[in-house]
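A.B. asks: Going down the list, the protein sequences come from chains A and B.
In this text, residue positions in the first sequence follow the working numbering: the first is 59, and each later residue adds one.
In this text, residue positions in the second sequence follow the working numbering: the first is 59, and each later residue adds one.
Beta carbons: idealized from backbone N, C-alpha and C, even for Gly.
There are 2 protein chains.
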Amino acid sequence: MDDVARRAGVSRALVSLALRGSDKVSPASRAAVERAASELGYRPNLNARNLASKRTSTFGVLINDLHNPYFPAVVDGIKRAADEAGYRLVINSAFLDEDAEVAAIDAFVEFRVDGVILVGARCGAAAIERAAQAVPIVLVSRPLASDVVDTINNDDHLGAQLVVEHLVSLGHEHVCHVEGVTGAGGPERRAGYVETMERHGLEPHIQPGAFTEASGVDAAERALDDGRPVTAVFAGNDLSALGVLDVLDGRGLAVPGDVSLVGYDNTFVAALRHIALTTVDQNRQRLGALAVEALLERVEGGRTTARHEVIPPELVVRETTGPPRSLG
Amino acid sequence: MDDVARRAGVSRALVSLALRGSDKVSPASRAAVERAASELGYRPNLNARNLASKRTSTFGVLINDLHNPYFPAVVDGIKRAADEAGYRLVINSAFLDEDAEVAAIDAFVEFRVDGVILVGARCGAAAIERAAQAVPIVLVSRPLASDVVDTINNDDHLGAQLVVEHLVSLGHEHVCHVEGVTGAGGPERRAGYVETMERHGLEPHIQPGAFTEASGVDAAERALDDGRPVTAVFAGNDLSALGVLDVLDGRGLAVPGDVSLVGYDNTFVAALRHIALTTVDQNRQRLGALAVEALLERVEGGRTTARHEVIPPELVVRETTGPPRSLG
DNA sequence: CTGAAAGCGCTAACAT
DNA sequence: ATGTTAGCGCTTTCAG
Chain A
59 MDDVARRAGV SRALVSLALR GSDKVSPASR AAVERAASEL GYRPNLNARN LASKRTSTFG
119 VLINDLHNPY FPAVVDGIKR AADEAGYRLV INSAFLDEDA EVAAIDAFVE FRVDGVILVG
179 ARCGAAAIER AAQAVPIVLV SRPLASDVVD TINNDDHLGA QLVVEHLVSL GHEHVCHVEG
239 VTGAGGPERR AGYVETMERH GLEPHIQPGA FTEASGVDAA ERALDDGRPV TAVFAGNDLS
299 ALGVLDVLDG RGLAVPGDVS LVGYDNTFVA ALRHIALTTV DQNRQRLGAL AVEALLERVE
359 GGRTTARHEV IPPELVVRET TGPPRSLG
Chain B
59 MDDVARRAGV SRALVSLALR GSDKVSPASR AAVERAASEL GYRPNLNARN LASKRTSTFG
119 VLINDLHNPY FPAVVDGIKR AADEAGYRLV INSAFLDEDA EVAAIDAFVE FRVDGVILVG
179 ARCGAAAIER AAQAVPIVLV SRPLASDVVD TINNDDHLGA QLVVEHLVSL GHEHVCHVEG
239 VTGAGGPERR AGYVETMERH GLEPHIQPGA FTEASGVDAA ERALDDGRPV TAVFAGNDLS
299 ALGVLDVLDG RGLAVPGDVS LVGYDNTFVA ALRHIALTTV DQNRQRLGAL AVEALLERVE
359 GGRTTARHEV IPPELVVRET TGPPRSLG
């Protein structure tokens with residue numbers, strides 16, 4: 059930086075200002091600085107900058123599992139909003155390991171990021187709340203009643219309700235639900251399902267599941283062997299719906315002819331023409347954007363109380379749902 | 059840090075050594091330091107550390123497109139190898155935008171990461187080679203003849219050969235290839251296909267494509283309407299194979315009964331039971347691990363010449379390939 | 001094994 | 001509009 063200053067014939071401070079686009083620099087010196095910098099191939103040292111300015115203009119994003127097709131859209135939303143607000147992103151993934159999650163959060167803290175967004179984090183609330191003392195944290199897709207961290211979620215209860223209403227309106231009475239896991243919307247979706255079924259005077263039929271393809275397979279097999287009639291399946295998420303779909307196929311049951319099928323999340327797999335799964339869209343981009351917004355409110359707006367946002371999801375009807383056979 | 063030193067009754071330098079696990083610290087003072095640090099909730103400032111030590115023990119990983127199911131496995135491999143070597147990771151995604159890619163690389167340079175891994179980068183070679191003057195760079199899944207950056211790739215030519223051999227050994231003579239894009243193995247796969255077809259005295263039948271589902275749909279429609287017989291399709295990657303699959307389904311053609319289908323990449327979608335696509339596995343974890351290895355050789359081993367690694371892929375036979383109907 | 005001192009490369013008042 | 005002066009929090013000689 060000294061070299062740049064010398065070459066441009068100005069002081070270091072001026073170089074600093076010019077390079078950051080301050081308006082208190084004359085066009086002439088700015089040009090000189092920029093030319094000198096590029097001639098010298100100068101790259102500012104972010105570590106030094108962050109150290110001196112005591113801020114990083116960076117948000118840390120932790121993705122629970124990079125393999126899960128649920129996450130990219132959320133990150134897209136975060137990225138877009140962060141760009142707009144002038145914040146950089148550092149992304150990390152914990153690869154499903156809770157300890158790694160905590161370690162990654164610690165690393166963010168040590169980097170002195172200005173805010174942390176945890177997407178689908180599975181680690182304990184205690185670890186999160188502890189870290190929240192050092193940096194603003196917002197949780198996406200992980201409900202948590204806390205008054206130190208913000209949360210942004212879709213309304214799983216409503217989503218489930220939309221699904222059941224859709225199936226019921228098609229004429230279904232025997233809708234089976236494949237459960238999902240706790241901490242990722244499973245119980246909320248289940249509750250929405252049960253409540254809506256009962257409101258229509260229908261009997262809930264629930265099979266345990268775990269948001270995985272394999273669990274969808276198991277659940278479908280149990281459901282079909284169970285004896286109770288099943289004309290539609292509401293799987294807890296898209297992945298488990300694919301497991302269900304495979305079993306239906308394997309048993310020669312037409313979809314939606316014999317059995318209708320609905321997933322949740324609207325991942326790209328659901329949109330594949332070959333699958334064309336009816337599902338629920340959480341508007342993940344918006345979830346991400348809201349997370350950034352929440353962070354900005356704390357970092358730049360000085361908010362200190364927790365904000366818990368819940369946004370309405372939307373039903374996406376594709377080709378796996380139709381009237382039950384009995385209504386032809 | 060001063061506080062920690064005071065509380066532990068030692069000097070700052072000692073704290074620094076103790077916290078980084080140096081062996082020149084007495085167990086007693088180490089314990090005192092650790093206790094003091096945890097009591098005070100002390101978090102070292104990575105920016106200060108990086109600045110003072112002139113290294114970050116961090117590798118930057120740039121993923122071309124977070125949505126592409128191809129990448130996570132590569133990052134897994136990188137993560138594992140980096141962990142083992144004691145390096146931290148910062149991941150970033152360019153979301154398919156070339157300018158964003160260059161910006162992300164610049165950001166890595168400014169962070170002074172010790173090395174950069176570009177996974178499937180699409181940006182110009184010039185930008186990459188320029189950045190390579192500031193930091194060691196290795197390209198994964200992007201062939202590039204360069205003597206300043208390392209590359210790690212699977213052998214696309216061999217992969218295509220494996221596919222054609224498999225289909226020919228099943229009795230197929232009319233194998234159509236849906237092309238992929240340049241810079242991501244497309245031309246190499248095509249060349250392997252053409253060469254192997256010709257070696258068997260078969261006539262190549264190529265349809266343009268772009269590694270997307272939609273391009274697979276278009277290519278399949280053209281291929282089936284073209285007049286030439288088609289008993290098998292070798293799609294450039296899994297995604298385009300899904301497009302082909304949808305067209306085959308739509309036209310009532312059984313897979314593999316009427317037409318066999320093969321993809322490339324072995325993404326999780328290919329492994330879904332409902333799809334069960336025969337495909338080629340690049341061993342992406344290994345690609346990632348090798349990338350870290352290459353970086354370590356430069357950072358710690360002092361290598362300065364480029365290394366270009368090509369690893370053999372493996373055919374994964376699932377349920378979309380079988381003998382042609384004529385051999386029934 | 002420990003402590004003192006210098007400085008990593010930058011920003012942020014404060015002067016001018 | 002531009003230069004001066006202190007640090008930011010840590011690591012790293014170098015002397016004890």
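1) Taking Cβ-Cβ distances shorter than 7 Å, what residues in chain B pair up with N108 of chain A?
2) By the 10 Å Cβ neighbour count, where 16 or more other Cβ atoms means buried, how is Q265 of chain A classified, buried or exposed?
3) If you follow the beta strand (DSSP E) that S151 of chain A is in, where does it begin and where does it stop?
4) Could you check the C-alpha separation between R64 of chain B and V68 of chain A for me, to the nearest Å?
5) So F55 of chain B contacts chain A; which residues on that side make the cut at Cβ distance below 8 Å?
6) DSSP state of Q191 of chain B, grouped into three classes?
7) Which residue comes first and which comes last in the beta strand (DSSP E) that contains S318 of chain B?
8) Residues of the region 143-171 of chain A with a CB closer than 8 Å to any CB of chain B: list them in chain order, please.
9) Name the chain B residues that come within less than 8 Å of E271 of chain A, Cβ to Cβ?
10) Identify which residue in B:R365, B:A185, B:Q343 and B:R361 has its Cα closest to the Cα of F129 of chain B.
11) Considering only the beta carbon of each residue, do V133 of chain A and I149 of chain A sit closer than 8 Å?
12) Short of 8 Å in beta carbon distance, which residues of its chain neighbour A131 of chain A, apart from the five on each side in sequence? Order them along the chain.
13) Based on the DSSP output, what are the partners of Q265 of chain B in its beta bridges?
14) Is the distance from the Cβ of L202 of chain A to the Cβ of S318 of chain A below 8 Å?
15) Terminal residues of the continuous alpha helix (DSSP H) containing A290 of chain A?
16) Restricting to Cα atoms, I'd like to know which of A:Q219, A:E271, A:E261 and A:V198 is closest to G241 of chain A.
17) Just to confirm the assignment, what range does the alpha helix (DSSP H) spanning E92 of chain B have?
18) How should V222 of chain A be labelled, buried or exposed, when 16 other C-beta atoms within 10 angstroms of its C-beta is the threshold for buried?
19) At which residues does the alpha helix (DSSP H) containing L300 of chain B begin and terminate?
20) Could you confirm whether any beta carbon from chain B is found closer than 8 Å to the beta carbon of A192 of chain A?
21) Tell me, please, which residues DSSP counts as bridged to I467 of chain A.
22) Applying the 10 Å Cβ sphere with the 16-neighbour rule, what's the burial state of R170 of chain B?
23) DSSP has T336 of chain B in a bridge; who is on the other side?
24) Would H230 of chain B count as contacting chain A if we go by Cβ distances under 8 Å?
25) In chain A, what lies closer than 9 Å to R280 of chain B by C-beta?
26) Ends of the alpha helix (DSSP H) at N108 of chain B?
C.D. replies: Short version:
1) N105
2) buried
3) R146 to S151
4) 42 Å
5) Nothing about residue 55 of chain B can be reported from this structure: the residues present for chain B run from 59 to 386 only.
6) coil
7) S318 to V320
8) R146, L147, V148, I149, N150, S151, F153, D164, A165, V167, E168, F169 and R170
9) L330 and R331
10) B:Q343
11) yes
12) R342, Q343 and G346
13) B:V236
14) no
15) Here A290 of chain A belongs to no alpha helix (DSSP H); instead the beta strand (DSSP E) covers A290 to A293.
16) A:V198
17) P85 to L98
18) buried
19) D296 to G308
20) yes
21) Residue 467 of chain A lies beyond the residue range present for chain A, which begins at 59 and ends at 386; the question has no answer from this structure.
22) buried
23) B:V320
24) no
25) Correct list: empty, because the minimum Cβ distance to chain A is about 17 Å.
26) L104 to S111
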